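Asker: Got a structure for you, questions after.
Numbering (this note's numbering), first residue to last: 7 to 385.
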């Protein structure tokens, strides 16, 4: 009887132990399972540590080649064009004829004016003869009248001569327009049989001996990274992607004189950059592209641009923090406000707020915020 009771007691204790073990295993399993489910739902983040480095600024632009110096030729006369001896793009030498004009009417007018001048001369000589005769006859009143007539005739001759001189000058200067330099015709506004519109240049000649320039507009905030004297290369797709050395000669406010308020507004926030080029392959009009790379002067702690966020209080980053848990290390996010400085297309310089040892979130597969628990904070 006693043996039976003892046996039952031992069996009861074994059952309790088994129950405890099963409960414990089940509890651990449920905890592990629930933790696994939780981990599967947590945001996954990628982090980096700030790196000491230099920012690299790239100033990009494009423009068209033009002569550094051009000559625009105008005519004062509304004479019809007789011949146009060149086309836009043609090379010319100094003194080459570009446009001739129909001057027959002007030449006939000059002949008429010269004939009138001779008539006035003859009239003046007749007045002088009459004055001599009146003097001999002591006709004082006639002398006074003739003296006034002679003076008036002299003035008429002066006026007539100025008109003749002006006609001669016009025929000399504008009958034929000639190239003032060796260069290329970049603009031509002449049509055979028609006069040149008033105020319009008949022709523009680019002086290639003065070199070539390429002008382009860039964002004003990028202009601070470049200056006159900087060297670069310009890529020309039309010349089989030839790279031609160039030098910055000027950086200035973009001209807004083109037309009206709309044009001025569209040019705000822009700077105009001029680059000088010298290459026999360039004739003017070619489109060129350039990239000017500049490194910052001093190193700084850099973070990817996407790591820096903004709220109403300023710039901040999310830093990954560790905490030991019952089932291992857990990761949480902590907001850290930073002082962001200069930036390039990829990185931001951080003046304060984080250290080189901090792990800063750069991306996540779900939206994250301060205090969130995250999964597998891999760098």
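Virtual Cβ for every residue (Gly too), placed ideally from N, Cα, C.
Keep in mind the model is a prediction, meaning the values are calculated, not measured.
#1: For the stretch 221-230 against the stretch 279-296, do three or more pairs of beta-carbon atoms, one drawn from each stretch, fall closer than 8 Å, so that the two count as touching?
#2: What would DSSP say about residue 100, mapped onto helix, strand or coil?
#3: With burial defined as no fewer than 16 other Cβ atoms inside 10 Å of the residue's Cβ, what is the status of residue 361: buried or exposed?
#4: Flag this pair as touching only if the stretch 87-102 and the stretch 121-137 have three or more C-beta atom pairs under 8 Å; answer yes or no.
#5: Let me know if residue 429 comes out buried or exposed under the rule of 16 or more other beta-carbons within 10 Å of its beta-carbon.
#6: Applying the 10 Å Cβ sphere with the 16-neighbour rule, what's the burial state of residue 373?
#7: Are three or more beta carbon pairs between the stretch 336-346 and the stretch 312-327 nearer than 8 Å?
#8: Which whole-angstrom value is the C-beta distance of residue 86 and residue 199, which I expect to be below 8 Å?
#9: Give a yes or no on contact between the stretch 47-58 and the stretch 296-310, applying the rule of three or more CB pairs nearer than 8 Å.
#10: Exposed or buried, residue 227, counting other C-beta atoms within 10 Å across all chains shown (16 or more means buried)?
#11: With a CB to CB cut of under 7 Å and the five nearest residues on each side skipped, what residues in its chain are close to residue 368?
#12: Cα separation between residue 202 and residue 168?
#13: State the CB to CB distance for the pair residue 4 and residue 211, rounded to an integer number of angstroms; the pair is presumed to be in contact (CB under 8 Å).
#14: Could you tell me the distance, in whole angstroms, from the CA atom of residue 155 to the CA atom of residue 173?
#15: Tell me residue 321's beta-bridge partners as DSSP assigns them.
#16: For a minimum of 3 consecutive residues, which ranges assigned as the beta strand (DSSP E) are wholly contained in the stretch 74-155?
#17: Kindly indicate which three-state DSSP category residue 340 falls into: helix, strand or coil?
#18: Let's test the definition: count the other Cβ atoms within 10 Å of the Cβ of residue 150 and tell me whether it reaches 16, buried, or not, exposed.
#19: Looking at residue 50 and residue 380, is the spacing between their C-beta atoms short of 8 Å?
#20: Looking at C-alpha atoms only, which residue of 80, 355 and 294 is the closest neighbour of residue 206?
#21: Please state whether DSSP places residue 285 in a helix, a strand or coil.
Answerer: Concretely, from the data shown:
#1: Output reads yes: the stretch 279-296 touches the stretch 221-230.
#2: On the chain shown, residue 100 is found 94 positions in, with the first residue counted as 1. It is coil, neither helix nor strand.
#3: Counting from one through the chain shown, the residue named residue 361 turns up at place 355. Burial call: exposed.
#4: For the pair of segments examined, the stretch 87-102 was found not to touch the stretch 121-137: the number of CB pairs separated by less than 8 Å stays below three.
#5: Nothing can be reported for residue 429: it is not among the residues displayed for the chain, which extend from 7 to 385.
#6: Counting from one through the chain shown, the residue named residue 373 turns up at place 367. Flag for residue 373 reads exposed.
#7: yes
#8: If you number the chain shown from 1, residue 86 lands on position 80. If you number the chain shown from 1, residue 199 lands on position 193. Beta-carbon to beta-carbon, residue 86 and residue 199 are separated by about 6 Å, close enough to satisfy the 8 Å threshold.
#9: As far as the Cβ criterion goes, the stretch 47-58 touches the stretch 296-310, which means the pair count is three or higher.
#10: Here the question's residue 227 lines up with position 221 in the chain shown. That one is exposed.
#11: Against the chain shown, residue 368 aligns to sequence position 362. Excluding residues within five positions, the ones whose Cβ falls inside 7 Å are 52, 53, 54, 310, 312 and 313.
#12: Taking the first residue of the chain shown as 1, we reach residue 202 at position 196. Taking the first residue of the chain shown as 1, we reach residue 168 at position 162. Counting only the Cα atoms, residue 168 lies some 25 Å from residue 202.
#13: No answer is possible for residue 4: it lies beyond the span of the chain, which begins at 7 and ends at 385.
#14: The residue given as residue 155 occupies position 149 in the chain shown. The residue given as residue 173 occupies position 167 in the chain shown. Just so you know, the alpha carbons of residue 155 and residue 173 end up roughly 27 Å apart.
#15: Here residue 321 refers to the residue found at position 315 when the chain shown is read from its first residue. According to DSSP, residue 321 bridges with 316.
#16: 76-79, 87-90 and 103-107
#17: Taking the chain shown and counting its residues from 1, one reaches residue 340 at position 334. Strand, per DSSP.
#18: Position 144 of the chain shown, counting from 1, holds the residue named residue 150. Its Cβ having fewer than 16 others within 10 Å, residue 150 is exposed.
#19: Your numbering for residue 380 matches position 374 in the chain shown. Your numbering for residue 50 matches position 44 in the chain shown. Yes, they are a contact pair.
#20: If you number the chain shown from 1, residue 206 lands on position 200. Closest by alpha carbon: 80.
#21: To locate residue 285, count along the chain shown from 1; it is residue 279. Here residue 285 sits in coil by DSSP.
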